[in-house]
Structures are given as structure tokens and as C-alpha cells.
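What follows is a single structure, written as C-alpha cells, with notes after it.
Residue numbers (UniProt numbering): 1 to 306.
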């Protein structure tokens, strides 16, 4: 009999192994309530086509017999390779080629990467939740499950649902990055082991064999990097007459590395080529100013020139 793994469709939500009962039990425990989900509960896929390592659902719990205020809706992010399996199958069909991803060795490697990425994301949220409220923009986390020897099939994060807007203010993304890096300076070596050492090398060994050594070779102190910071992973809200950064999500590739990893992606994905060329030097100086403010009396991890 084959042992169960993440590639085998489950009987839970959207073919995963995570069930309504799992979520209801964990939410009740974390929110301190006995209120059950109602018969009109629903889960809508809001992440279709936006990633290959998870299923992102908008859950309407339809809480019954509420004795306290409870989140009517929340986002459920389930770690699963099902989207990637579907994508590779479609590509193979279009190109009339064999799907090497279906080989047992490839599936085993991908499952290990996916589980490590999910656990790193949970660890990142746990670390950032220790900061004073309002210090950094992350969604409220209701409950999580990490993968472990005792839990091989059910990895997920239930978090606050934030409605997005299309407007963005670049300086607020830079300040978020400064807070993220400064907050990571006190993370112990033991805690750092919970993160990827080199996520992109793990997934693209031949192409990016030495990228994780960039920080060491330049003398730059390693800091916590988001790893995939782009407009689709940010949420914004209207507050009075201004647009505020409500949350930055998706920490599956969070790792300790060179600050440039995040900064380059921010500059490329949030700015037009024209604005980037015209303002990059001033924006780098602005970012470094934010970083020094957040670091305070501690040693700044690198110089402006670096």
C-alpha cells in the first residue's frame, strides 16, 4: 500500500487533505469560541493562476450562535502541489512532450521544497507577530499548521481578509522592508535554521548556484528577505484621504540573505522603467534612512555604498 503524500488528491477542500473540520476546530481553539460553522459556509478559490505551491481560498464561515465578534470572512492558504501538477500537465500536452515532473524523484523533491517553504512562511509570521502592533504591515494570523513527522499532509495558514485597492505609494513598501530587515537582526542562529538558506538555489540549482553567497562575498550582513515582494503580494486600503499599506503576504521564500534580493524586485515590479532610472539613487537613500531609524543603536547591517 502506498503511503499518502501531497500529490494524492485528498477529500478536503479543493482536493487537498485539509477539511472543514480541521479549520473549524483550529479556529474555535484560537478564537476562544464554541460557535460552529454554519450550513451555508463556503470557500472560494481566489488564487487561481497566481501561484503553484498553494491553494488560496476566501472562506465565509457562516458562524452560528455567536457569543462574540468573529471574522465573517478569512483567507485560507493551503500548501499543495496540485496547481503545479495541473500546470506541468498542460504544458506537456501543449508541447506534446513527456512530463518529467511526474517522475517519483522530481515529485519527492518538490514536496520537500513545498513543505520547507510553508514552514518558513509560518515561522516568518510568528517572528513578525512579536513586533509591536502597527510596526509592520502583515495580516492578522488566526491559526496555522506546520508540516512535521506527525503531520505530513495538512499545512495551512488562516489569516485576516483584507480588501485591496489599486493605488500604491512606493515609499511605504521601502519602509516595510526596512522594518523587516531591522527586526531580523536579533533573530538567533537557531531560529534562522527554520528559514530557507537559499530558496532560489534550491529550486534552480544550475542557474543560481552561487547567489546565496552574495551577502558573504560582499561583506554585507545577512538580513531577513521576503523573497517574493511584488504588487500581487501587497494589500492597500483607503484611510481618510490617503492610501495605506495594509499588509504584505506570502513568505514562502523568506530567507536570510542579501538585502538587494528584495530591493531589486521592488524597484523592478513597483516602478516603471522611466521612474526607476530617474529616481533610484534618491529612493535608495530614502530606504537607507528608514533602515537606520529602525536599527537605532544597533549596528547597521551594511553601508549605503554596499
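Don't be surprised by glycine CBs; every beta carbon is placed ideally from N, CA and C.
8 Å Cβ cutoff met for residue i and residue j
i	j	result
residue 18	residue 78	yes
residue 276	residue 267	yes
residue 74	residue 161	yes
residue 46	residue 59	no
residue 179	residue 249	no
residue 225	residue 269	no
residue 192	residue 256	yes
residue 302	residue 124	no
residue 128	residue 298	no
residue 169	residue 7	no
residue 173	residue 234	yes
residue 227	residue 254	yes
Of the listed residues the options, nearest to residue i (C-alpha basis)
i	options	result
residue 311	222, 274, 138	Residue numbering for the chain in the displayed model covers 1 to 306; residue 311 lies beyond these limits and cannot be assessed.
residue 21	5, 260, 38	38
residue 10	69, 181, 278, 81	81
residue 151	59, 5, 294	5
residue 181	57, 115, 291, 127	291
residue 63	99, 98, 23	23
residue 142	85, 232, 70, 223	70
residue 236	244, 229, 230	244
residue 262	132, 242, 284	284
residue 281	269, 304, 296	304
residue 187	260, 87, 144, 126	126
residue 66	44, 36, 289	36
Inter-residue Cα distance where the pair is residue i and residue j
i	j	result
residue 30	residue 15	25 Å
residue 53	residue 91	17 Å
residue 72	residue 42	11 Å
residue 171	residue 113	33 Å
residue 104	residue 149	20 Å
residue 153	residue 93	28 Å
residue 51	residue 83	8 Å
residue 194	residue 177	20 Å
residue 306	residue 190	27 Å
residue 258	residue 68	45 Å
residue 102	residue 95	16 Å
residue 211	residue 120	The predicted model places residue 211 with a pLDDT of 48, which falls under 50 and marks its position as unreliable; any figure quoted below should be read in that light. For residue 211 and residue 120, the distance between alpha carbons rounds to 19 Å.
Coil, strand or helix - residue i by DSSP
i	result
residue 51	coil
residue 142	strand
residue 264	helix
residue 170	helix
residue 7	coil
residue 151	strand
residue 44	strand
residue 209	For residue 209, the pLDDT reaches just 47, beneath the cut-off of 50, and the residue's location in the model is therefore unreliable, although a value from the coordinates is still provided. Here residue 209 sits in coil by DSSP.
residue 113	helix
residue 243	strand
residue 129	coil
Residues that DSSP places opposite residue i in a beta bridge
i	result
residue 74	59, 160
residue 248	234
residue 79	54
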